[in-house]
Amino acid sequence: MAEILTLTMNPAVDVSTRTAKVEPTHKLRCAAAIQHAGGGGINVARVVHRLGGAVRAVFPTGGLNGQVLCRLLEAEGVRSECVAIAGETRESFSVFEESTGKDWRFVLPGPTLMPEEVQACLDRTSAAATSTSFAVASGSLPPGVPEDFYARLARLLAARGVRLVLDSSGAALAAALEAGVYLVKPSRRELHELTGLPLDQAAQQLAACRALLARGQAQVVALSLGEQGAMLVSRDGAWQAPALAVTVASTIGAGDSFVGGMVHALQRGDALDTAFRQAMAASAAALLAPGTALCRPEDVARLAPEVRIERLA
Ligand SMILES: Nc1ncnc2c1ncn2[C@@H]1O[C@H](COP(=O)(O)OP(=O)(O)OP(=O)(O)O)[C@@H](O)[C@H]1O
Ligand SMILES: [Mg+2]
955 MAEILTLTMN
965 PAVDVSTRTA
975 KVEPTHKLRC
985 AAAIQHAGGG
995 GINVARVVHR
1005 LGGAVRAVFP
1015 TGGLNGQVLC
1025 RLLEAEGVRS
1035 ECVAIAGETR
1045 ESFSVFEEST
1055 GKDWRFVLPG
1065 PTLMPEEVQA
1075 CLDRTSAAAT
1085 STSFAVASGS
1095 LPPGVPEDFY
1105 ARLARLLAAR
1115 GVRLVLDSSG
1125 AALAAALEAG
1135 VYLVKPSRRE
1145 LHELTGLPLD
1155 QAAQQLAACR
1165 ALLARGQAQV
1175 VALSLGEQGA
1185 MLVSRDGAWQ
1195 APALAVTVAS
1205 TIGAGDSFVG
1215 GMVHALQRGD
1225 ALDTAFRQAM
1235 AASAAALLAP
1245 GTALCRPEDV
1255 ARLAPEVRIE
1265 RLA
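Residue numbering for the sequence shown follows the numbering used here, beginning at 955 and increasing consecutively.
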């Protein structure tokens, strides 16, 4: 079976715990820490793997955290392609506050990559993309990685006939869209930053997604709207789906689970609207799981028939 490739330039060892209340000065006694491999593309790989898809995760790693990251993925059975770097892989820390039910998320910038390390990541991705029809690049770029990195990746993969799914933000996202990608998954904030267009109403959201298609920036736009659900727009049609009403344990990883569900379905040949259904189910399933645990496949399967997809055009 063809593999899905994921690239995560700024991976992290995600450490999550819980405490009664987050406040300054006092020591905050926390529950035992739970560790997961993290970073956008790695989360997508974890989701694809647990949904039964073949996947390989490419990412730079360094130092002891780098070793921990590789071990965590190995334990989950996710095939990894670690690119050695001199810097230390970062940790991300999230704390569930029991008194409010909210997550506090502390995110470090990540190590600075050298130019040759950046190039090695592109080379390894390219070399790994031999039996790949879909690649996913997701997450922020760490210091040292130029803003045109995702744009370079987009050109490199397009030349090899690989469809790139991109989930990122800011200047790196904008530059990549100038090169053109297969599918982009902005959140409402990310699409607003990209286009400057108002996104309050469905008609405005549809117009903004279509603007990306019209400029050739993406063939498919999956706009995620948090508790308002999501919209999927391509040249062949447009669909929207309200979010499923589930009890939210944590919204961490909802976007990554959405992308994982989507690309897993596309890889196995599902039509866009069917893939959208699985994406919606996976993102809702991620909400059921505390901290950085991501979606469980049994929840995805149970929730998928409940997704209401409405055709817009
Ligand atoms: N509070 C919520 N209630 C119900 N569904 C939600 C909620 N938050 C997220 N979702 C589901 O998860 C999907 C992705 O969430 P969201 O739009 O917040 O993207 P994200 O990538 O996680 O956000 P960001 O990158 O801005 O943090 C939504 O389309 C929706 O289906
Ligand atoms: Mg996101």
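Note that beta-carbon positions come from the ideal geometry of N, C-alpha and C, so glycine has one too.
Status (buried if at least 16 other CB within 10 Å, exposed otherwise) for residue i
{"i": "H980", "result": "exposed"}
{"i": "L1018", "result": "exposed"}
{"i": "F1060", "result": "exposed"}
{"i": "R1004", "result": "buried"}
{"i": "T1084", "result": "exposed"}
{"i": "A999", "result": "buried"}
{"i": "Q1221", "result": "buried"}
{"i": "E1071", "result": "buried"}
{"i": "A1040", "result": "exposed"}
{"i": "L1062", "result": "exposed"}
{"i": "Q1171", "result": "buried"}
{"i": "A1029", "result": "exposed"}
{"i": "D1190", "result": "exposed"}
{"i": "D1121", "result": "buried"}
{"i": "S1237", "result": "buried"}
Cβ-heavy atom distance, residue i to ligand 1, below 6 Å
{"i": "A1168", "result": "no"}
{"i": "F1050", "result": "no"}
{"i": "S1237", "result": "yes"}
{"i": "A1156", "result": "no"}
{"i": "E1147", "result": "no"}
{"i": "G993", "result": "no"}
{"i": "V1138", "result": "no"}
{"i": "A1126", "result": "no"}
{"i": "G1191", "result": "no"}
{"i": "E1030", "result": "no"}
{"i": "A1040", "result": "no"}
{"i": "F1060", "result": "no"}
{"i": "S1261", "result": "Correcting the residue type first, residue 1261 is Val in the shown sequence and not Ser. It does not: the Cβ of V1261 is nowhere closer than 6 Å to a heavy atom of ligand 1."}
{"i": "T973", "result": "no"}
{"i": "G1183", "result": "yes"}
{"i": "F1212", "result": "yes"}
{"i": "A1229", "result": "no"}
{"i": "S1178", "result": "yes"}
{"i": "V1202", "result": "yes"}
{"i": "A1197", "result": "yes"}
beta-carbon residue i near ligand 2 non-hydrogen atom, thresh 6 Å
{"i": "G1209", "result": "yes"}
{"i": "S1122", "result": "no"}
{"i": "S1141", "result": "yes"}
Cβ-based neighbour list, residue i, same chain, cut-off 6 Å, excluding 5 preceding and 5 following
{"i": "S1141", "result": "S1178"}
{"i": "V1174", "result": "L1137, S1188"}
{"i": "M1185", "result": "Q1159, L1177, Q1194"}
{"i": "S1123", "result": "E1144"}
{"i": "C984", "result": "T971, T973"}
{"i": "L1151", "result": "A1162"}
{"i": "A1022", "result": "One point to set straight first is that residue 1022 is Val, not Ala, in the sequence displayed. So the qualifying residues of the chain are V967."}
Continuous beta strand (DSSP E) stretch holding residue i: start and end
{"i": "V1135", "result": "1135-1138"}
{"i": "H1003", "result": "Unbroken run through H1003 is the alpha helix (DSSP H), 994-1004; no beta strand (DSSP E)."}
{"i": "A1249", "result": "Here residue 1249 turns out to be Cys, not Ala, going by the sequence shown. It is not in any beta strand (DSSP E) - C1249 carries neither H nor E in the DSSP assignment."}
{"i": "T951", "result": "Because residue 951 is not part of the residues shown, which for the chain are 955 to 1267, the question remains open."}
{"i": "C1163", "result": "C1163 -> not in any beta strand (DSSP E); alpha helix (DSSP H) instead, spanning 1156-1168."}
{"i": "I958", "result": "957-961"}
{"i": "L1118", "result": "1117-1121"}
Where the alpha helix (DSSP H) containing residue i begins and where it ends
{"i": "T1086", "result": "No alpha helix (DSSP H) contains T1086, which is instead part of the beta strand (DSSP E) from 1086-1092."}
{"i": "G1017", "result": "1017-1030"}
{"i": "G1191", "result": "Careful: G1191 lies outside any alpha helix (DSSP H), inside the beta strand (DSSP E) at 1191-1195."}
{"i": "D1227", "result": "1226-1242"}
{"i": "S1149", "result": "In the sequence as presented, Ser is not what sits at residue 1149; that position holds Thr. It spans 1142-1149 - the alpha helix (DSSP H) in which T1149 sits, taken as one unbroken run."}
{"i": "S1204", "result": "Per DSSP, S1204 belongs to no alpha helix (DSSP H) and is neither H nor E."}
{"i": "R1106", "result": "1103-1113"}
Beta-carbon proximity list for residue i, same chain, < 7 Å, skipping 5 on both sides
{"i": "R1078", "result": "V1012, E1035, V1037"}
{"i": "I1263", "result": "W1193, A1195, D1227, F1230, R1231"}
{"i": "A1239", "result": "S1211, C1249, R1250, D1253, V1254, L1257"}
{"i": "S1080", "result": "L1110"}
{"i": "T1205", "result": "L1241"}
Any non-hydrogen atom of ligand 3 within 6 Å of residue i CB
{"i": "A1172", "result": "By its list of ligands, the structure shown excludes ligand 3, since it contains just ligand 1 and ligand 2."}
Any C-beta of chain D under 7 Å from that of residue i
{"i": "S1087", "result": "The structure shown contains no chain D; it holds only a single protein chain."}
(message) Three or more C-beta pairs under 8 Å: does that hold for the stretch 1209-1216 against the stretch 1133-1141?
(response) yes
(request) Tell me, please, whether the stretch 1153-1165 touches the stretch 1195-1204 by the rule of three or more beta-carbon pairs shorter than 8 Å. (result) As far as the Cβ criterion goes, the stretch 1153-1165 does not touch the stretch 1195-1204, which means the pair count is below three.
(request) Count the C-beta pairs between the stretch 1117-1129 and the stretch 1251-1261 that are closer than 8 Å, then say yes if the count reaches three, no if not. (result) With the cut-off at 8 Å, the stretch 1117-1129 and the stretch 1251-1261 do not touch.
(request) Please confirm if the stretch 956-965 is in contact with the stretch 1003-1018, defined as three or more CB-CB distances below 8 Å between the two stretches. (result) yes
(request) Count the C-beta pairs between the stretch 1055-1075 and the stretch 1095-1106 that are closer than 8 Å, then say yes if the count reaches three, no if not. (result) yes
(message) With a threshold of 8 Å, are at least 3 pairs of Cβ atoms found where one atom belongs to the stretch 1217-1231 and the other to the stretch 1155-1162?
(response) The stretch 1217-1231, when compared against the stretch 1155-1162, does not touch it at the 8 Å Cβ threshold.
(message) Check whether the stretch 983-996 and the stretch 963-971 are in contact - that is, three or more C-beta pairs closer than 8 Å.
(response) yes
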